[in-house]
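Since the structure comes first, as structure tokens, the remarks are kept for the end.
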Amino acid sequence: MTKILVVDDEPQLLRALRITLRARGYDVEIASSGKEALEAAAHKHPELIVLDLGLPDLDGIEIIEGLRPWFTGPIVVLSARQDSDDKVLALDAGADDYVTKPFGMDELLARLRAALRRATPASDSVVVTTDAFTVDLAAKKVTVGDADVRLTPTEWGMLEVLVRNPGRLVPRKQLLREVWGPAYGDESNYLRVYIAQLRRKLEPDPSHPRYLITESGMGYRFEP
1 MTKILVVDDE PQLLRALRIT LRARGYDVEI ASSGKEALEA AAHKHPELIV LDLGLPDLDG
61 IEIIEGLRPW FTGPIVVLSA RQDSDDKVLA LDAGADDYVT KPFGMDELLA RLRAALRRAT
121 PASDSVVVTT DAFTVDLAAK KVTVGDADVR LTPTEWGMLE VLVRNPGRLV PRKQLLREVW
181 GPAYGDESNY LRVYIAQLRR KLEPDPSHPR YLITESGMGY RFEP
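Going by the UniProt record's numbering, the sequence shown opens with residue 1, and the numbers climb by one from there.
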């Protein structure tokens, strides 16, 4: 049974989510503050966290940053903050998805299922090796030669989508929605920034990429 930690300071919403998620077969833990969330994440070992940003003691971004050095499961933000800057901050801090309040329960459940699917490594090709670098999808680890390469959560998300689709064009909208969330689709400048960062870290000659290819006007492709 998949364990989900729900963090929110609204008692009625916590109760509704606990009832709904348990009815769908999930094991549910709840927390109503940032301190409780960090303690529950450490001791209850959830596989996914649903997190409100507006908590009474800690900001949700701080909680994500506190979790990410050791918590590897998906974090789905559930927040009334609708500003794009808040979404970017949360996703760059390590959130996997961002759902705004008010929300539809069916949509939230679908987002949770998608986040859990993405967190489960494929049974085949979990280690992808090129002449320049190696990507271990299960361990979420990248190496160049014998050296580990540190990627931000967003860089990793982008690389993972490309590596899981070797040789295939990944359209810009698909890449934006899988990495930044379904509310995104036209922010091509995000892709240009992060693909450039990945190339600097992984490509032998970033100005003439061999592995992370731009298909002009369409999207990007990983060429093994």
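By construction, the Cβ of each residue, glycine as well, lies at the ideal position given by its N, Cα and C atoms.
The model shown is predicted, which means the values in this text are computed figures rather than measured ones.
Host alpha helix (DSSP H) of Tyr190 (start-end): Counted from its first residue, the sequence shown places residue 190 at position 190. 188 to 202 is the span of the alpha helix (DSSP H), which, as asked, contains Tyr190.
Segment contact, 8 Å Cβ cut-off, at least three pairs: the segment 48 to 63 with the segment 147 to 164: no
Residue from Arg164, Val142, Ser216 with nearest C-alpha to Leu198: Taking the sequence shown and counting its residues from 1, one reaches residue 198 at position 198. Among Arg164, Val142, Ser216, the Cα nearest to that of Leu198 belongs to Val142.
Option nearest Lys140 by Cα separation, candidates Asp59, Pro74, Ile30, Glu10: As a first step, residue 140 is located in the sequence shown; it is residue number 140 there, counting from the start. Cα-wise, what sits closest to Lys140 is Pro74.
Chain-order list of residues whose beta-carbon lies under 8 Å from that of Ile4 (same chain, five-residue window excluded): Reading the sequence shown from its first residue, position 4 is the one you call residue 4. Counting only Cβ-Cβ distances below 8 Å, and skipping sequence neighbours, we find Leu21, Tyr26, Asp27, Val28, Glu29, Pro46, Glu47, Leu48, Ile49, Val50, Leu112.
Backbone CA spacing between Ser79 and Phe222 [nearest angstrom]: Within the sequence shown, residue 79 is the residue found at index 79, counting from 1. Within the sequence shown, residue 222 is the residue found at index 222, counting from 1. Their Cα atoms are separated by approximately 34 Å.
Residues bridged to Tyr220 (per DSSP): Counting from one through the sequence shown, the residue named residue 220 turns up at place 220. Looking at the DSSP assignment, Tyr220 forms a beta bridge with Val170, Thr214.
Assigned exposure category for Asp205 - 16 Cβ within 10 Å defines buried: Sequence index remark: in the sequence shown, residue 205 carries index 205 (1-based). Result: exposed.
Backbone secondary structure at Glu29 - three-state DSSP: Position 29 of the sequence shown, counting from 1, holds the residue named residue 29. Glu29: strand per DSSP, three-state reduction.
Anticipated Cβ contact below 8 Å, Glu203 with Ala132, distance rounded: Sequence index remark: in the sequence shown, residue 203 carries index 203 (1-based). Sequence index remark: in the sequence shown, residue 132 carries index 132 (1-based). That pair is a contact at about 7 Å.
Any beta strand (DSSP E) of 3 or more consecutive residues that is wholly inside the UniProt domain "Response regulatory" (3 to 116): 3 to 7, 27 to 31, 48 to 51, 75 to 79, 97 to 100
For Val163, the first and last residue of its enclosing alpha helix (DSSP H): As a working note, residue 163 is residue 163 in the sequence shown. Per DSSP, Val163 belongs to the alpha helix (DSSP H) from 153 to 163.
Nearest residue (CA-CA) to Thr100, options Leu109, Ala115, Gln82: For the purposes of this step, residue 100 is taken as residue 100 along the sequence shown, with counting starting at 1. That would be Gln82, whose Cα lies nearest to the Cα of Thr100.
Rounded distance between the beta-carbons of Val161 and Leu137, thought under 8 Å: Residue numbering aside, residue 137 sits at position 137 when the sequence shown is read from its first letter. Residue numbering aside, residue 161 sits at position 161 when the sequence shown is read from its first letter. Their Cβ separation, rounded to whole angstroms, is 11 Å, which puts Leu137 and Val161 out of contact at 8 Å.
Distance, Asp92 Cα to Asn165 Cα: Looking up residue 165 in the sequence shown gives position 165. Looking up residue 92 in the sequence shown gives position 92. Spanning the two alpha carbons is a distance of roughly 23 Å.
Endpoints, the beta strand (DSSP E) within which Val144 is located: Reading the sequence shown from its first residue, position 144 is the one you call residue 144. It spans 141 to 144 - the beta strand (DSSP E) in which Val144 sits, taken as one unbroken run.
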